[in-house]
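Residue numbers (the working numbering), protein chains in the order written: chain Z, 1 to 774; chain D, 1 to 133.
Next comes the structure, spelled out in C-alpha cells:
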C-alpha cells in the first residue's frame, strides 16, 4: 500500500482538457451526458412519486417469464428498501451526470464514459429492484462488469488496468460464491422469489444447508462491499475518474453488498453466526479503514477509506436484530450517500482547480472557490455529525442502535464511537483544511469551477441540511418503509434532532472532543501509523499479488510439464491415461465379463479381423511413413466392412469415404514433410512403447465392450426410431432421419465444429505461410 | 501433378463424382446417403480436380472461396431450422409439402446445408494444406 499513499500529481489524461472557468453552456458537453442526466432525472422523479404509496405499505411487483421450465422469472419488486436505493441510484446518478458534463467536457472518451455510466446505472437499478434471486445475480454481475469498465476507464494507465482487474476478480469471485449461496437459499426456502423467501426465514435457518448458505452469501456481500479481508480493492478503485468514484462509492456498487445483507436480513438474520460474523467483520473493517483514512494525504484516497469505514459500520449494524440498529443503518446509508458523493465531487473540483489532491500542498482555497467551500463545509459537517445536519440524526441513532444491541452493546458502541471520532478528524482533513487552513503551496491560481461542477455537490450538501431539518418527513417517507423491509415486518421509526440529554448525546459530545483532538494531532498520528503499517507482515493488496503470482506460477509449471509441443507425447499421455483409467476401473470394480451367450465369430469376419490386426501392426513394424499410413488405411477399410456386415451401409460408406480422404490428405502432407529422421523419428524403442500403449488401450476398450455385451441390452431406442421415422419424418433411412430431423440440432453443432476446425487450420497455415514469406 | 492420363480421366470422373454426390444427398432420406456422405464425395471430387490440374484451377472453377461455401452451408442449415418459427414451432421442426407427390421438406434443405458445410470445410482444409508448400 505504500505506493498508494505517496502524493502523486494528477495524470494529464484524467484532468479535464480545459482548466479555465469557461461556463458557456452547450460547448463540448456530450449529448450522451445530457441523455444520462435526463433519464436519471425522469427515473428519480418516478421513484419519488411512488414514495406516498410505498410508505403507505404498498408493494409493487412485476414479473415476466424468463426460464419457465426452471421457475426463473424476470421479476422486480418495489418496496421501502428498493425504493430508497432506487432514489439514491437515480438521484445521485443525475447529479453525477450533471457534474460530469463539465468534468468530461472536451475529453475524447466522453461518449464512452457516459455509455459505461448508463450501463452501470441500469445494472444497479436492476439489482436493487430484482425479486428473483437469479435476476438479482445477473444484475449483480453486470454491476461488476460495468465497474470494471469504469475503473479501467483510463486504460492507457497500467495502474488503472491492474486495479480494474483486481476489482473484477475479487467481486466476480464473490459473485460466484453468491450464486451458489442463492441457489442453495432458493432450495432451502422453496422459492426463487426474495419476497416469498422473506416469509420462509424460520425454515431456512433450521435447514441443514443454513451454514453454507450464510457463508456463501456473506462472501458475496463482503467482497462487493469491501469488508476485511477483501477491503483493499476499493481504495485501489480510485484509479477511476472522480465522478465515477463518487458514484461507485456513494450510492451504488459498493452499497450492493450492504443492500444484499439488508435484503436477506429477514431470511438469514438472528442466528449467532449471523450476529457475530457481521458485528466482528463490520467493526474490524470500520476501525481499520478509519485508521487508514487518517493516514492518507491524497484527498480521494482518504475519502475512499472512509467509504470502507462506512460500509463496515453498516455491516456491523445490520448484524443486529434491534429495529433501532436497523433504522440507524438505513439512516446512515442515506446520510453517507449524500455527504460522500458531495465530498468526492468537491475533491474533483479541487484537483481540477488546484492541480493536486495532496492535503499537504492545499490550503486557503475558500477565498478563490467560495461556493465549493460552502458545499464542502456543509458535507463535512454532516459527515462529522454536527446538528442540525442529517448526519447528526444518523449518528445519534447509531449510538442508540449500538446500545440496543442485545449481545455486545459496549463493544458495538465503542467501535462506533471510535470510528465516528476518526470520521470527525477525516472530515476536517478533507473538507476544512484545503479551504480554510493557512498556507498551501499551489502552482496555479484556482478559480470557482464551472457551474455544473459546483452545483451538484452543493445540491447534495444542502439536501443533507434540509433533510436534517425535517426528521419526521424523512422517517415516514424513506426510513420507516425501508426498515420495515429489512425487518420483514412493519416497523415504526421516529427521527428527531433533539432527544433530550441522554447517553447517545453524551457519546456524541465525547466523539466530537476525541475527533477534534485527532484532527489537531493528525500529522503525528499519520507518522505513527506509517511506522505501524510498515511493520505489518502482510496487507490485503500484497496478499492479492501473491495469490495472483502463485496462480501464474502454477499455470506456467503445469504448461511446461503437460504441453511440450510434441504431438506424439500428447497422444501417448492421452491414451495411457485412457487405458489406465478404463482398465483400472474394470479391474477395481471387478466388472470384466465374458458374454454369457457368446455367438462366436463367423469365418468371414475372422478374416476381416486378421486384416485389421495386420494393418494395425504395420505402423509399429515399419520405419516408412507411407507404409504406416497404408496400414492405417487397411484398418479403416476393415472397420467399414464390419459396419457393412452388421447392416449399417450408411456408416460404412461414410467410414470408407473418410478413410479415403484421410489417406489422400496425409499423402499430400507426406509429400511436403521433411525426411523422417533424427529427433522426429521415434526409432525402434519409441515404436515399441507406442505399440504397447496402443495394445493396452485396445485391450481396455475391448474389455469394456465385452462387459457391455454381457449386460442385457435394451432396443427401445432403435424400435422407437424404426417406428417413428416414416410417419413423423417421411424417411426410411433411420440414420439420416436421426441426423437431419430427430437430432438435427446435434448435427448443426457438428457442422459448425467441422467448419470452425477447418477455418482454424486454414488460418494457422496461412499465418505460417505469411510469416515465412515476410 | 502433370499427368495426361490423370488429366483426361479426371474430366469425366470429377463430373461423375459430383453428380453422384448430389444423388447421394437427395436419396439420403430413404436409402444410404445423405448430406455428410455426399459432401465427402464432392470434396473428394474437387480434390481430384485439384490434383489433376492444380489448386488455382479448382479455385477458379469454384468461383467462390471454399470457406464461404462452408459458411453458406451453416447459414442454409440454420435457415431450414428457422422456417419453423413462422408456424410458432420450436427451432428445427420439420415441415413437408408434396407438390405432385414429390416430397419436399425442411430436412432436405437442412441436409443440403450439411452437404455444403462438409464440402466447404474439407476443401478449405485440403486446399490450405496443398498450397502450404
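Cβ coordinates follow ideal geometry from the N, Cα and C atoms, glycine included.
Name the chain D residues that come within less than 8 Å of residue i, Cβ to Cβ?
i: residue 731 of chain Z; result: 29, 30, 107
i: residue 649 of chain Z; result: 32
i: residue 766 of chain Z; result: 128
i: residue 163 of chain Z; result: Near residue 163 of chain Z there are no residues of chain D at all, since even the closest Cβ is about 41 Å away, more than 8 Å.
i: residue 737 of chain Z; result: 29, 107
Starting from residue i, follow its DSSP beta bridges and name the residues at the other end.
i: residue 686 of chain Z; result: Answer by DSSP bridge pairing: none, since residue 686 of chain Z is not bridged.
i: residue 368 of chain Z; result: Looking at the DSSP assignment, residue 368 of chain Z forms no beta bridge with any residue, so it has no partner.
i: residue 60 of chain Z; result: Z:78
i: residue 130 of chain Z; result: Z:76
i: residue 67 of chain Z; result: Z:72
i: residue 94 of chain D; result: Paired residue(s): none; residue 94 of chain D is not in a bridge.
i: residue 381 of chain Z; result: Residue 381 of chain Z pairs with nothing; no bridge assigned.
i: residue 193 of chain Z; result: Z:132
i: residue 358 of chain Z; result: Z:298
i: residue 105 of chain D; result: D:96
Taking the beta carbon of residue i as the centre, do at least 16 other beta carbons fall within 10 Å, making it buried, or is it exposed?
i: residue 106 of chain D; result: buried
i: residue 55 of chain D; result: buried
i: residue 454 of chain Z; result: buried
i: residue 659 of chain Z; result: buried
i: residue 60 of chain D; result: exposed
i: residue 695 of chain Z; result: exposed
i: residue 502 of chain Z; result: exposed
i: residue 26 of chain Z; result: Interpretation of residue 26 of chain Z is limited by its pLDDT of 43, a score under 50 that renders its predicted location unreliable; no figure is taken from the coordinates.
i: residue 564 of chain Z; result: exposed
i: residue 558 of chain Z; result: exposed
i: residue 295 of chain Z; result: buried
i: residue 45 of chain Z; result: exposed
i: residue 86 of chain D; result: exposed
i: residue 23 of chain D; result: exposed
i: residue 217 of chain Z; result: buried
i: residue 359 of chain Z; result: buried
i: residue 22 of chain Z; result: Any reading at residue 22 of chain Z needs caution, since the residue's pLDDT is 39, under 50, leaving its predicted position unreliable; the model's value is listed next. Burial call: exposed.
i: residue 75 of chain Z; result: buried
Which residues in chain Z have a C-beta closer than 9 Å to the C-beta of residue i? List them in chain order.
i: residue 67 of chain D; result: 755, 758, 759, 762
i: residue 62 of chain D; result: Under the 9 Å cutoff, chain Z gives no residues; its nearest Cβ is about 15 Å from residue 62 of chain D.
i: residue 154 of chain D; result: A query on residue 154 of chain D cannot be resolved here, the shown segment of chain D reaching from 1 to 133 and no further.
i: residue 74 of chain D; result: 748, 751, 752, 755
i: residue 81 of chain D; result: 744, 745, 748
Using a C-beta to C-beta distance shorter than 7 Å, which residues of chain D count as neighbours of residue i?
i: residue 669 of chain Z; result: 129
Residues of chain Z with CB under 7 Å from residue i, in chain order?
i: residue 77 of chain D; result: 748, 751
i: residue 111 of chain D; result: 740
i: residue 92 of chain D; result: 744, 745
i: residue 70 of chain D; result: 755, 758
i: residue 103 of chain D; result: 730
Just the chain Z side, please: which residues come within less than 8 Å of residue i by C-beta, in chain order?
i: residue 41 of chain D; result: 657
i: residue 44 of chain D; result: 657, 660, 661, 664
i: residue 37 of chain D; result: 650, 653, 654, 657
i: residue 7 of chain D; result: Within 8 Å Cβ-Cβ: nothing; residue 7 of chain D doesn't reach chain Z, min ~17 Å.
I want to verify the contact list: residues of chain D whose CB lies under 9 Å from the CB of residue i, in sequence order.
i: residue 663 of chain Z; result: Under the 9 Å cutoff, chain D gives no residues; its nearest Cβ is about 11 Å from residue 663 of chain Z.
> In the stretch 741–752 of chain Z, which residues sit with their C-beta less than 8 Å from some C-beta in chain D, listed in chain order?
Replying inline: 741, 744, 745, 747, 748, 751, 752
> Counting Cβ pairs, one atom from each stretch, are 3 or more of them under 8 Å apart for the stretch 44–54 of chain D and the stretch 650–665 of chain Z?
Replying inline: yes
> Is it true that the stretch 132–140 of chain Z meets the stretch 374–389 of chain Z, where meeting means three or more beta-carbon pairs spaced less than 8 Å apart?
Replying inline: no
>> By the 7 Å beta-carbon criterion, what residues does the stretch 134–147 of chain Z contribute toward chain D?
In response: none
> Using 8 Å as the Cβ pair cut-off and three pairs as the minimum, do the stretch 289–303 of chain Z and the stretch 199–218 of chain Z touch?
Replying inline: no
> Touching or not, the stretch 180–187 of chain Z and the stretch 238–258 of chain Z, by the rule of three or more beta carbon pairs under 8 Å?
Replying inline: no
>> Short of 8 Å Cβ to Cβ, which residues in the stretch 65–92 of chain Z face chain D?
In response: none
> Is it a yes or a no for the stretch 272–289 of chain Z touching the stretch 506–525 of chain Z, going by three-plus beta-carbon pairs under 8 Å?
Replying inline: no
>> Along the stretch 455–471 of chain Z, where does the CB come closer than 7 Å to a CB of chain D? Name the residues.
In response: none
> If contact means a Cβ-Cβ distance below 7 Å, which residues of the stretch 13–25 of chain D contact chain Z?
Replying inline: none
>> Closer than 7 Å between beta carbons: that is the criterion. Which residues of the stretch 622–655 of chain Z meet it against chain D?
In response: 649, 650, 653, 654
>> Three Cβ pairs or more, each shorter than 8 Å: is that satisfied between the stretch 81–90 of chain Z and the stretch 141–151 of chain Z?
In response: no
>> Along the stretch 115–126 of chain D, where does the CB come closer than 8 Å to a CB of chain Z? Name the residues.
In response: 117, 118, 120, 121, 122, 124, 125, 126
>> Can you confirm whether the stretch 117–127 of chain D touches the stretch 29–48 of chain D when touching is taken to mean that 3 or more C-beta pairs between the two stretches lie within less than 8 Å?
In response: yes
> Are the stretch 573–586 of chain Z and the stretch 619–634 of chain Z touching by the rule of at least three beta carbon pairs closer than 8 Å?
Replying inline: no
> Using 8 Å as the threshold, is the stretch 154–161 of chain Z in touch with the stretch 59–79 of chain Z, meaning 3 or more CB pairs across them?
Replying inline: no
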